Structure formats: C-alpha cells, structure tokens
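The letter at position 548 of the first sequence is residue 548 when you use UniProt numbering, and the numbering goes up by one with no holes. Comments concern the structure below.
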Amino acid sequence: MLNHPILQQLQKCHSLNTLKQAHAQMVTTGLSLQTYYLSHFLNTSSKFDSAYALTIFNRIPTPTVFLYNTLISSLTRLGDQTHLAFSLYSRILTHETLQPNSFTFPSLFKACSSDPWLQHGPPLHTHVLKFLQPPYDHFVQASLLNFYAKYGKLCLSRYLFNQISKPDLATWNIMLAAYAQSASHISYSTSFEDADMSLEALYLFSDMLLSQIKPNEVTLVALITACSNLGALSQGAWAHGYVLRNNLKLNRFVGTALVDMYSKCGCLNLACQLFDQLSDRDTFCYNAMIGGFAAHGHGSQALELYRKMKVEGLVPDGATIVVTMFACSHGGLVEEGLEIFESTKGVHGMEPKLEHYGCLIDLLGRAGRLKEAEERLQNMPMKPNAILWRSLLGAARLHGNLEMGEAALKHLIELEPETSGNYVLLSNMYANSAKWNDVKRVRMLMKDRGVDKLPGFSLLEINGAMHEFLTGDRAHPFSKEIYLKIGEINRRLQEYGHKPRTSEVLFDVEEEDKEDFLSYHSERLAIAFALIASPSSFPIRMIKNLRVCGDCHTITKLISLAYRRDIIVRDRNRFHHFKDGSCSCLGFW
DNA sequence: GTAGGGTTAG
1 MLNHPILQQL QKCHSLNTLK QAHAQMVTTG LSLQTYYLSH FLNTSSKFDS
51 AYALTIFNRI PTPTVFLYNT LISSLTRLGD QTHLAFSLYS RILTHETLQP
101 NSFTFPSLFK ACSSDPWLQH GPPLHTHVLK FLQPPYDHFV QASLLNFYAK
151 YGKLCLSRYL FNQISKPDLA TWNIMLAAYA QSASHISYST SFEDADMSLE
201 ALYLFSDMLL SQIKPNEVTL VALITACSNL GALSQGAWAH GYVLRNNLKL
251 NRFVGTALVD MYSKCGCLNL ACQLFDQLSD RDTFCYNAMI GGFAAHGHGS
301 QALELYRKMK VEGLVPDGAT IVVTMFACSH GGLVEEGLEI FESTKGVHGM
351 EPKLEHYGCL IDLLGRAGRL KEAEERLQNM PMKPNAILWR SLLGAARLHG
401 NLEMGEAALK HLIELEPETS GNYVLLSNMY ANSAKWNDVK RVRMLMKDRG
451 VDKLPGFSLL EINGAMHEFL TGDRAHPFSK EIYLKIGEIN RRLQEYGHKP
501 RTSEVLFDVE EEDKEDFLSY HSERLAIAFA LIASPSSFPI RMIKNLRVCG
551 DCHTITKLIS LAYRRDIIVR DRNRFHHFKD GSCSCLGFW
C-alpha cells in the first residue's frame, strides 16, 4: 500500500501545509481512494493532526464505514482523543445506510480498556451482538476478552476464551497477561486468589505449548510476570532459559520483567546481572531495578541508581519517585527521601500525587517523626486515602503511640469498614499494652460487622512444585511430619533461650494457647516443611501474604542460626534475608 | 484495494 504512486508523491511533502493543500485538491476533485490514502498517511505519519483529519473527513460527502474505521483507529491510537473516536462511532449509528463492522470494534474496545472509558465497554458489546453475525471475527473476540479482563471480569474473559476453537497467538497472550496482571496490581500483596490467578497463567502456558502455538516475547513477559507474583524462581529461570533457547529477543519488556522476577524471587544478584546486560534501558527498567534494591533494603544502592539514571539522561517518572522513596524509608535514609520528595516539584516539574504523599508519611513515620508525619498528612492538598492512614497507624504502632494510632484508625475504619487488617492492627496495639478489655471490644466490633480476620498464608517452592500453607493448616499431605518438625524446632530454639512474644496474638487467651497459635503461623509451617523436604545446602525461599509478625521474625532469625539455613522471605512489603541469626531488614519493616 | 486485538516498573 505504501508503494502507491500517490502516496509516494505525498511522502515527498515535508510540511503539513503542503499535505493539506494536496489533500484539499483531492477532496474537491472527488478522488475517494486518494482521500483514503491521504487520511491513512496523515494518520500514520508523525504529522498526524486529528483536528485537521476531522475537518477533511467532514468535507467528504458520503464517507464509507471503511473511512470511519480508519479514522476511529487513528484517534484511539493517540490515547487522548478517545472522545472523538466515540463521537465518530455514534455518527455511524445515526446514518441510515451505514453499520459498524468487524473492523470498527477492536480499536473501540481497546480504548475502553482503561479509565475513564471502561463503562462504555458493555454497551458496545451489545452492539457487537446486534450488528455482527457469528462466528465472530478473531480480532473482535480478542479485543472483547481483553476488555473484560481489564474491566475486572476475568471469569467472563475466560468463558469467552474457552469458546474460541483455535485461539491465535495474540489471543493466548491476552488471556495469559490477564491472569498474570490480575495478581500484580499492587505489588507483593499476594492473596490466595492472586496466587491462583498466577498459577492459572502457568497452566495456561502449558496448554498453549500443547496447542502448537509458538510463544513470542509478549507471551514470555506474561509468563515471567506470573512467576514474579508467585516467587516461583525455578519456573521463572526456566522462562528465562526459554527466551535464550528459542532466540527470542531480550527486549526492554522481557528484560524488565526478568529483572523484576529475579528480584521478587529473592535473587537480587541475578537481577543486577541481568540489568547490566540490557542494552537499551528505559525508565521502566530502572524503576524495576531500583524497586528491587528498595525491597531488599539496599537503600544506598537504590539511590545510586536513581542518580545514575538521571546522568544517563532518563527522566524519572512518578513510579521512580515511589520506589526510590520506598528505598529511603526502608533503609533509614530520611533526609535523602525528603529531598527526593521536594525535588518532584522543583526539579522534575511533577505535582506530587497521593502515592508520593504516602511515601512521605511512611518515611517520616517509620523514622519516628510522628508529629511531622501527622502534620504533612493533615495539610496535604488532596484527601488522604486509607493507605495513608494505615501508614500513619503502622508508624504509631511501631513507635508505641497509642493515641495517634487510635486516631488514625478511626479514619481508617470509616474509609474501609470491611477490612479486617485495620481491626487486627488496633487490637494488636491494645494487646501490646495489655489492654485486654479494649482488645475484647475490637473483637466484638469485628463480629458485629461480620469482618473476618484475613488468613495468613505462605507460599513455598520446592523442586519446582508450589506448596501453600494457611495458619494452622493441616491439609498438606506431609502435615503430620510438619507438626512433628515444629515441635523439634521449638525445643531446639528453647536451647537458644527463646521465649515467644505472645503479644502478637490477637485475642486474650491463656498464655499456652497463644504459644500454640504462634507456632502454627503459616510461615512456621512452610519453614518446617522446607527443612524436611529441601536439601540442607539450599536457601529457603518463601512468600507471605501479610507482614511477618514480630515473633515469627525473631524465630526465623534463630532458625537461620540453629539450622544454618539462609531463609529469604518476601512479605507484603519487602524482603527479609535471614542469615546466621540476623535479618537484612535491620528492624525497618 | 483498504482498517482491527496482546507485553515491562510502584
């Protein structure tokens, strides 16, 4: 198509004005084919000007659906002109003689896949049913799948996917990415459902191989993302090997996903090595690597990389600021963190967003500067959300300021009456101060409101198989051996002078019960199983969906000493590397 | 004779 003589002639036009003149001439002489070519050229060239394209379009007396589709797709590609695309679409509908066709819908569904256009998707789906005849076109089906995944209806996506007899590569990729991403909206907040979604992505990948569709880079990015969510190192490393064995490109997408995967699987060294190998690094790559340093508690290395990216001419974005400040607050680098926050406005010309205020509150609060944290929170330009109040609450709890904690919690429960973690935090604060009546009061409040405590669970990978453990779980096939092992661990740790910190247990129960309850926290079960089932020279790697409790943290340090095992735990906030009786977090967690 | 769907960081 690009070889058409008229287009070649047009490509010699170097200014928008000459293009416009040429186009005007064509329109007036009624050359409709040429009109198309020009529209297409305008659309695909860097000189695309949506206002001008629309002006021309409006002068065409009888535009065909084909011409509508061309323009709609160009407008949706721009990202910020979606409203114009939809108004063109509604013009098709008002035409008596025109109907949308299979080419009209894919770009519109793509436009509906992100805010604020999500609401337009379902009505558009009814139009598909109205205007198109089954069997539906592959592209239409794929864009529908993708839309429903982004709309939060993953089940519906899967249902539609199952009805496609031979999905093509892009369709598989959409489904895989949908599962991998549904779990990674908030990093590290792995829940049972999220883990299931990521596991489903792994299963789907093997189905894909069985169906003889050859994966490409996009497929691998989704697969690697799923491994990151699961902390599944051997699957992730296998995926890396797959990229190399099959001569897939280690492009920015694949590279960033791998850096993130190695980092989230606890292998910061491998993440660094890979990062150094990447040839064209953009802000995304840097963000992943800085985020890796941050989560592993290497604050100064994170800062160093942050400075390096600016030297290399890359512009930090909102996410860069988040991860770098996170590194500062988890590494005790308060002044550096404050400086970065202030620089978002001054140096980088960004208006700090809600999440940046979140980092700020966390930074100050964690460092014990509670009053300042509270002041910043009260004086910020937007309304603080639950995450910010929780941050303040966490800080108040860490530094034993019960009064501030109670105040923060009041706001928090107002914003999130259904979230059990809020009640648990308050209750733990009361328990720490032995205020058992207050603990009981919170417990009643939870019961009245029908809020259940979120079950803690841990994920562990041994020899490529994933094992899940819930608190007090007895469902594992080796459950008996695990509980025997816990008995042994407890006896061994007592030799090291360990006395359990019973205040972490929520309720006012007898001391001995509390000890039992702690012994069966999911991480304890996972560690016991790993000690039984994995070679003693291997580090133990696991993921916890909540934050590690104080007692488990102490115990895990001791186990790393008593059993001479490195234990690497990813909790919902960060990594803990336990080695020889100490932890890399140095208490910042 | 022409147009359409999938990927990375917090």
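For glycine and all other residues, C-beta sits at the position ideal for the given N, C-alpha and C. These numbers come from a predicted model, not from an experiment.
Status (buried if at least 16 other CB within 10 Å, exposed otherwise) for residue 615: Only positions 1 to 589 of the chain appear in the structure, and residue 615 is not among them; the question remains open.
Cβ contact check for the stretch 193-201 and the stretch 220-237: 3 or more pairs under 8 Å: yes
Residue nearest to residue 157 in terms of C-alpha spacing, selected from 169, 165, 170, 175: Against the first sequence, residue 157 aligns to sequence position 157. Nearest of 169, 165, 170, 175 to residue 157, Cα basis: 175.
Reduced DSSP category for residue 469 - H, G, I as helix; E, B as strand; rest coil: Stepping through the first sequence from its first residue, residue 469 is reached at position 469. The answer is strand: DSSP assigns residue 469 an E or B state.
Bridge-paired residues (DSSP) for residue 570: As a position in the first sequence, residue 570 is number 570, starting the count at 1. DSSP output for residue 570 lists 543, 575 as bridge partner(s).
Distance between residue 83 and residue 207 (C-alpha atoms, nearest Å): Start at 1 with the first residue of the first sequence, and residue 207 comes out as number 207. Start at 1 with the first residue of the first sequence, and residue 83 comes out as number 83. Going by the C-alpha atoms only, they are around 39 Å apart.
Own chain partners of residue 305 with C-beta closer than 8 Å, once the 5 adjacent residues on each side are dropped: Counting from 1 along the first sequence, the entry for residue 305 is found at position 305. Hits under 8 Å: 286, 289, 290, 293.
Exposure of residue 480, with buried meaning 16 or more beta-carbon neighbours within 10 Å: On the first sequence, residue 480 is found 480 positions in, with the first residue counted as 1. Exposed is the call here.
Alpha-carbon to alpha-carbon, residue 49 and residue 163: If you number the first sequence from 1, residue 163 lands on position 163. If you number the first sequence from 1, residue 49 lands on position 49. For residue 163 and residue 49, the distance between alpha carbons rounds to 40 Å.
Where the beta strand (DSSP E) containing residue 462 begins and where it ends: Mapped onto the first sequence, residue 462 falls at position 462. Residues 457-462.
Local conformation of residue 433 per DSSP, three classes: What you label residue 433 is simply residue 433 of the first sequence in a count that begins at 1. Correct three-state label for residue 433: coil.
Cβ neighbour criterion (16 or more within 10 Å) applied to residue 587: The count along the first sequence starts at 1 and reaches residue 587 at position 587. It counts as exposed.
Counted within 10 angstroms of its Cβ, other Cβ atoms place residue 581 as buried (16 or more) or exposed: For the purposes of this step, residue 581 is taken as residue 581 along the first sequence, with counting starting at 1. Looking at its Cβ environment, which holds fewer than 16 other Cβ atoms inside 10 Å, residue 581 is exposed.
Extent of the continuous alpha helix (DSSP H) to which residue 367 belongs: By 1-based counting over the first sequence, the position of residue 367 is 367. That residue, residue 367, is in no alpha helix (DSSP H); it is neither H nor E in DSSP.
Beta-carbon proximity list for residue 534, same chain, < 8 Å, skipping 5 on both sides: For this step, residue 534 is matched to residue 534 along the first sequence. Once the five neighbours on either side are set aside, the close Cβ partners of residue 534 are 462, 463, 540.
Where the alpha helix (DSSP H) through residue 411 begins and ends: Here residue 411 refers to the residue found at position 411 when the first sequence is read from its first residue. Here the alpha helix (DSSP H) through residue 411 covers 402-415.
Proximity to residue 247 [Cα-Cα], best of 278, 237, 276, 215: Mapped onto the first sequence, residue 247 falls at position 247. Checked all of 278, 237, 276, 215; the closest Cα to residue 247 is 215.
Cβ-based neighbour list, residue 150, same chain, cut-off 6 Å, excluding 5 preceding and 5 following: By one-based count along the first sequence, residue 150 stands at place 150. Hits under 6 Å: 113.
Residues that DSSP places opposite residue 582 in a beta bridge: Taking the first sequence and counting its residues from 1, one reaches residue 582 at position 582. 579, per the DSSP bridge assignment.
Minimum C-alpha distance to residue 333 - residue among 561, 359, 392: As a first step, residue 333 must be located in the first sequence, where it is residue number 333. Of 561, 359, 392, the residue nearest in Cα terms is 359.
Cβ contact check for the stretch 297-311 and the stretch 323-342: 3 or more pairs under 8 Å: yes
Delimiting residues of the alpha helix (DSSP H) encompassing residue 231: As a first step, residue 231 is located in the first sequence; it is residue number 231 there, counting from the start. Segment: none, residue 231 is in no alpha helix (DSSP H) and carries neither H nor E.
Proximity below 7 Å, CB of residue 377 to CB of residue 384: Numbered from 1 along the first sequence, position 377 holds the residue referred to as residue 377. Numbered from 1 along the first sequence, position 384 holds the residue referred to as residue 384. Their beta carbons are under 7 Å apart, which means residue 377 touches residue 384 by this criterion.
Cβ contact check for the stretch 362-374 and the stretch 342-351: 3 or more pairs under 8 Å: no
Where residue 93 falls, given that 16 or more other Cβ within 10 Å makes a residue buried: As a first step, residue 93 is located in the first sequence; it is residue number 93 there, counting from the start. The residue is exposed, with fewer than 16 neighbouring Cβ atoms inside 10 Å.
Short Cβ contact (7 Å threshold) for residue 604 with residue 69: In the structure as shown, the chain starts at 1 and stops at 589, and residue 604 therefore has no counterpart that could be examined.
Alpha carbon of residue 275 to alpha carbon of residue 319, nearest angstrom: For this step, residue 275 is matched to residue 275 along the first sequence. For this step, residue 319 is matched to residue 319 along the first sequence. Computed Cα separation, rounded: 18 Å.
Distance CB(residue 161)-CB(residue 145) smaller than 7 Å: For the purposes of this step, residue 161 is taken as the residue at position 161 of the first sequence. For the purposes of this step, residue 145 is taken as the residue at position 145 of the first sequence. Cβ atoms of residue 161 and residue 145: closer than 7 Å.
Backbone CA spacing between residue 165 and residue 202 [nearest angstrom]: Within the first sequence, numbered from 1, the residue matching residue 165 stands at position 165. Within the first sequence, numbered from 1, the residue matching residue 202 stands at position 202. Whole-angstrom Cα-Cα distance: 20 Å.
Segment contact, 8 Å Cβ cut-off, at least three pairs: the stretch 262-269 with the stretch 567-579: yes
Straight-line Cα distance separating residue 421 from residue 556: Counted from its first residue, the first sequence places residue 556 at position 556. Counted from its first residue, the first sequence places residue 421 at position 421. About 23 Å.
Residues near residue 562 by beta carbon distance below 7 Å, same chain, minus five either side: One-based indexing of the first sequence puts residue 562 at position 562. 492, 493, 496, listed in sequence order.
Between the CA atoms of residue 413 and residue 328 - distance to the nearest angstrom: Residue 328 sits at position 328 when you count from the first residue of the first sequence. Residue 413 sits at position 413 when you count from the first residue of the first sequence. Going by the C-alpha atoms only, they are around 29 Å apart.
Which listed residue (67, 109, 111) has its alpha carbon closest to that of residue 91: Indexing the first sequence from 1 puts residue 91 at position 91. Among 67, 109, 111, the Cα nearest to that of residue 91 belongs to 67.
Contact belief for residue 52 with residue 72 at Cβ below 8 Å, rounded distance in angstroms: On the first sequence, residue 52 is found 52 positions in, with the first residue counted as 1. On the first sequence, residue 72 is found 72 positions in, with the first residue counted as 1. Their Cβ separation, rounded to whole angstroms, is 16 Å, which puts residue 52 and residue 72 out of contact at 8 Å.
Inter-residue CB distance, residue 219 and residue 173 (contact presumed, cutoff 8 Å): Here the question's residue 219 lines up with position 219 in the first sequence. Here the question's residue 173 lines up with position 173 in the first sequence. Contact holds; Cβ gap of about 5 Å.
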